[in-house]
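Trainee: Sending over a structure as C-alpha cells; questions will come in a sec.
Number of protein chains: 2
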Amino acid sequence: MPNPPPNHDQATRLLQQRGASITPARVRVLQLLLAADAAMSHQALQQAASASGQRFDKVTLYRVLDWLVAQGLVHSVTGHDRVRRFSPMHAHATHAHFECNDCGRLFCLHGKLPLARPEIPAGFQPDRLDITVHGRCADCAASAH
Amino acid sequence: MPNPPPNHDQATRLLQQRGASITPARVRVLQLLLAADAAMSHQALQQAASASGQRFDKVTLYRVLDWLVAQGLVHSVTGHDRVRRFSPMHAHATHAHFECNDCGRLFCLHGKLPLARPEIPAGFQPDRLDITVHGRCADCAASAH
DNA sequence: CCCTGCAGTGCAACCAGGTTGCACTGCAGG
DNA sequence: CCTGCAGTGCAACCTGGTTGCACTGCAGGG
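Those protein sequence lines, which keep their order, are chains A and B.
The letter at position 41 of the first sequence is residue 42 when you use the working numbering, and the numbering goes up by one with no holes.
The letter at position 44 of the second sequence is residue 45 when you use the working numbering, and the numbering goes up by one with no holes.
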C-alpha cells in the first residue's frame, strides 16, 4: 500500500470534528461503515472487526453504534428481516434505500428524489420521509439471470 | 346495535371468496384488523381477541397472520421498533404508511401517491416501492400541542 | 504521589418477537 | 371404524437487542 490507511484517516477526522473521545472501537466501526458498499448489520460489523484482529463485545458495538447515530454520523435502517443495519450518514437531506428480496442487503441510493409527499390525514404532522425500493440487487440479479 | 355483527360478515365473506377453511381464529383476526384504525401488532391482536373472550395461542396467531399475508388479504409492515404490524390489504397498488415517532403506531395512507421512482444503480431490478412518512400522529400531536 | 471520578469496555444475565417440533383435536372420506 | 389432514396449543428454542455490574485506564486535584 503506497499511502496511509484507507478511510481510517477519514474516520478519525470525523470523530475529531465532533470533539469526541477517539476510541479504537469507534474508529474501527466508522472505518468499516465508510468502506462498506451496503449497510452493515451489527453482526457483520462484529465479524469484520474480529476478522481484522480487533474483537469487540457485542454490547460495545451496540453502544458505539447508538453513539454514532446520536452524533448524526451514521443512520440505521430496519429491513423487513427486523435486523437493524447501519450506514454512514452522507450529506443528503432525504435519501432512499434499496432492499434486496433475495440476499436481504440494504443499499443507500444517492440519486435525487421525487419530493412530492403523499396525502396526510388532518392532524398528522409529517416530519421525515423514508423511501425503500424492494427488488433484486445487481449481484443477485446477475447470479439468477 | 341495529344490524348484524360489524365486519364479522365482511371477514367471513373475504375468507369464503378464497375458498379457504373458515376457522374462528382467521375470522376473528381478520375482523379485528378490518375494525382497527392502525396496523396491529401480533400482541395487540392477542390482547384484543382475549379481551373479547377468544383466547388464541401466539403460534396460532402467527400462523393465521402468515396465512392471511400469503392469501394477499393482509400485509405486514415492520416499524423501526422491529415489530411487525398487520393491516388489511385494500385494493390500492402502492400505498404509503405513516409511523408515529411518539406512540409508534402505524397507519396506512390511502391517498394517491407521487409515482416517480428514485434513481436506481445499474443492474438493480426494482420491484416494489415502500414509502413511510414519519412524524406525529393526530392523537400524539393533540396531546402534546 | 495517591485519590477520585468518569468514559469506555467486557461479561453475563435477561427480555421479547418470532419459529420449530410435536402431540392433540375434529372432521371428511373410504 | 380407520385414515389422513388442517388447525390448534404447548413448550422449547433462536436471535437481536438491552441492562446491570464489575474492571480498566486515564485526567485532574490534593
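Backbone N, C-alpha and C fix where the C-beta goes; we use that ideal spot for every residue, glycine too.
Remember, it's a predicted structure, so these values are computed and weren't measured experimentally.
(1) Applying the 10 Å Cβ sphere with the 16-neighbour rule, what's the burial state of Glu120 of chain B?
(2) Pull up the distance between the alpha-carbon of Arg14 of chain B and that of Met41 of chain B, whole angstroms please.
(3) Taking only three categories from DSSP, how would you classify Arg29 of chain A?
(4) Can you tell which of B:Thr79, B:Val78, B:Leu74, B:His91 has its C-alpha closest to the C-alpha of Val28 of chain B?
(5) How about Thr133 of chain B and Phe99 of chain B: do their beta carbons lie closer than 9 Å?
(6) Going by DSSP, what residue range makes up the beta strand (DSSP E) through Val70 of chain A?
(7) Counting contacts by CB-CB distance shorter than 9 Å, is Leu110 of chain B in contact with chain A?
(8) Check whether the Cβ atoms of Cys141 of chain A and Cys101 of chain A sit closer than 9 Å, and answer yes or no.
(9) Let me make sure I understand the geometry here. Which of A:Phe125, A:Pro127, A:Ala97 has the alpha-carbon closest to that of Lys113 of chain A?
(10) Interface residues of chain B around Gln126 of chain A at Cβ under 7 Å?
(11) Could you tell me the distance, in whole angstroms, from the CA atom of Gln11 of chain B to the CA atom of Leu33 of chain B?
(12) Leaving out the 5 sequence neighbours to the left and right, which residues in its chain are closer than 7 Å to Leu46 of chain A when beta-carbon positions are compared?
(13) So is Arg83 of chain B in contact with chain A if we call contact Cβ pairs under 9 Å?
(14) Could you pull the DSSP bridge partners for Gln126 of chain B from this structure?
(15) His76 of chain A by DSSP, collapsed to three states: which one?
(16) Thinking C-alpha only, which one of B:Asp128, B:Phe125, B:Arg137, B:Arg129 is nearest Leu130 of chain A?
(17) Are the beta-carbon atoms belonging to Pro89 of chain A and Leu35 of chain A less than 9 Å from one another?
(18) Please tell me whether Pro3 of chain A has its Cβ less than 9 Å away from any Cβ of chain B.
(19) Which whole-angstrom value describes the C-beta separation of Arg83 of chain A and Arg64 of chain B, a residue pair presumed to lie in contact below a C-beta threshold of 8 Å?
(20) Which of the three DSSP states is assigned to Arg86 of chain A in this structure?
(21) Mind checking which residues open and close the alpha helix (DSSP H) that includes Ala21 of chain A?
(22) Does chain A have any CB closer than 9 Å to the CB of Gly105 of chain B?
(23) Apart from the five residues on each side of it in sequence, which residues of its chain come closer than 8 Å, Cβ to Cβ, to Arg118 of chain A?
(24) Alpha helix (DSSP H) containing Ala50 of chain B: first to last residue?
(25) Does Ala97 of chain A come out as helix, strand or coil in the three-state DSSP assignment?
(26) Measure the CB-CB distance between Thr79 of chain B and His81 of chain A and report whether it falls below 9 Å.
(27) If you draw a straight line from the alpha carbon of Thr24 of chain B to that of Asp38 of chain A, how long is it in whole angstroms?
Mentor: Looking at the atomic coordinates:
(1) Reading the second sequence from its first residue, position 119 is the one you call residue 120 of chain B. Label assigned to Glu120 of chain B: exposed.
(2) Taking the first residue of the second sequence as 1, we reach residue 14 of chain B at position 13. Taking the first residue of the second sequence as 1, we reach residue 41 of chain B at position 40. Roughly 21 Å separates the two Cα atoms.
(3) For the purposes of this step, residue 29 of chain A is identified with residue 28 of the first sequence, where counting begins at 1. Correct three-state label for Arg29 of chain A: helix.
(4) As a working note, residue 28 of chain B is residue 27 in the second sequence. With distances taken between Cα atoms, Val28 of chain B lies closest to B:Leu74.
(5) Here the question's residue 133 of chain B lines up with position 132 in the second sequence. Here the question's residue 99 of chain B lines up with position 98 in the second sequence. Against a cut-off of 9 Å, the Cβ pair of Phe99 of chain B and Thr133 of chain B comes out as a contact.
(6) Along the first sequence, one-based indexing puts residue 70 of chain A at 69. For Val70 of chain A, no beta strand (DSSP E) run applies; the uninterrupted alpha helix (DSSP H) run containing it begins and ends at 59 to 72, by DSSP.
(7) As a first step, residue 110 of chain B must be located in the second sequence, where it is residue number 109. True, the Cβ-Cβ gap to chain A drops below 9 Å.
(8) In the first sequence, the residue the question calls residue 141 of chain A occupies position 140. In the first sequence, the residue the question calls residue 101 of chain A occupies position 100. Their beta carbons are under 9 Å apart, which means Cys141 of chain A touches Cys101 of chain A by this criterion.
(9) Numbered from its first residue, the first sequence carries residue 113 of chain A at position 112. If we check each option's Cα against that of Lys113 of chain A, A:Ala97 comes out closest.
(10) Here residue 126 of chain A refers to the residue found at position 125 when the first sequence is read from its first residue. In chain order: Gly136, Arg137, Ala142.
(11) The count along the second sequence starts at 1 and reaches residue 11 of chain B at position 10. The count along the second sequence starts at 1 and reaches residue 33 of chain B at position 32. Looking at the backbone, the Cα of Gln11 of chain B and that of Leu33 of chain B are separated by about 11 Å.
(12) Within the first sequence, the letter at position 45 stands for residue 46 of chain A. Only Val30, Leu33, Leu62 meet the Cβ criterion.
(13) Position 82 of the second sequence, counting from 1, holds the residue named residue 83 of chain B. By this cut-off, Arg83 of chain B is an interface position.
(14) For the purposes of this step, residue 126 of chain B is taken as the residue at position 125 of the second sequence. Its beta-bridge partners are A:Arg137.
(15) Mapped onto the first sequence, residue 76 of chain A falls at position 75. Three-state DSSP puts His76 of chain A in a strand.
(16) Taking the first residue of the first sequence as 1, we reach residue 130 of chain A at position 129. Of the candidates B:Asp128, B:Phe125, B:Arg137, B:Arg129, the one whose C-alpha sits nearest the C-alpha of Leu130 of chain A is B:Arg137.
(17) Indexing the first sequence from 1 puts residue 89 of chain A at position 88. Indexing the first sequence from 1 puts residue 35 of chain A at position 34. Yes.
(18) Here the question's residue 3 of chain A lines up with position 2 in the first sequence. Summary for Pro3 of chain A: the model assigns pLDDT 40, below 50, so the residue's position carries little reliability; its value from the coordinates is reported in the next sentence. No, its Cβ sits nowhere closer than 9 Å to a Cβ of chain B.
(19) The residue given as residue 83 of chain A occupies position 82 in the first sequence. The residue given as residue 64 of chain B occupies position 63 in the second sequence. Contact between Arg83 of chain A and Arg64 of chain B fails: their C-beta atoms lie close to 18 Å from each other, not under 8 Å.
(20) Here residue 86 of chain A is taken as the residue at index 85 of the first sequence, counted from 1. Arg86 of chain A falls in the strand class under three-state DSSP.
(21) Working through the first sequence from its first residue, we reach residue 21 of chain A at position 20. Here Ala21 of chain A belongs to no alpha helix (DSSP H), and DSSP marks it neither H nor E.
(22) Residue numbering aside, residue 105 of chain B sits at position 104 when the second sequence is read from its first letter. For Gly105 of chain B, the answer is no, since every Cβ of chain A falls outside 9 Å of its Cβ.
(23) Position 117 of the first sequence holds residue 118 of chain A. Around Arg118 of chain A: Pro127, Leu130.
(24) Along the second sequence, read from residue 1 onward, the residue named residue 50 of chain B stands at position 49. Here the alpha helix (DSSP H) through Ala50 of chain B covers 43 to 52.
(25) Position 96 of the first sequence, counting from 1, holds the residue named residue 97 of chain A. Reduced to three states, the DSSP call for Ala97 of chain A is strand.
(26) Here residue 79 of chain B refers to the residue found at position 78 when the second sequence is read from its first residue. Here residue 81 of chain A refers to the residue found at position 80 when the first sequence is read from its first residue. Taking a C-beta distance under 9 Å as the contact criterion, Thr79 of chain B and His81 of chain A qualify as a contact pair.
(27) Taking the second sequence and counting its residues from 1, one reaches residue 24 of chain B at position 23. Taking the first sequence and counting its residues from 1, one reaches residue 38 of chain A at position 37. Approximately 47 Å between the Cα atoms of the pair.
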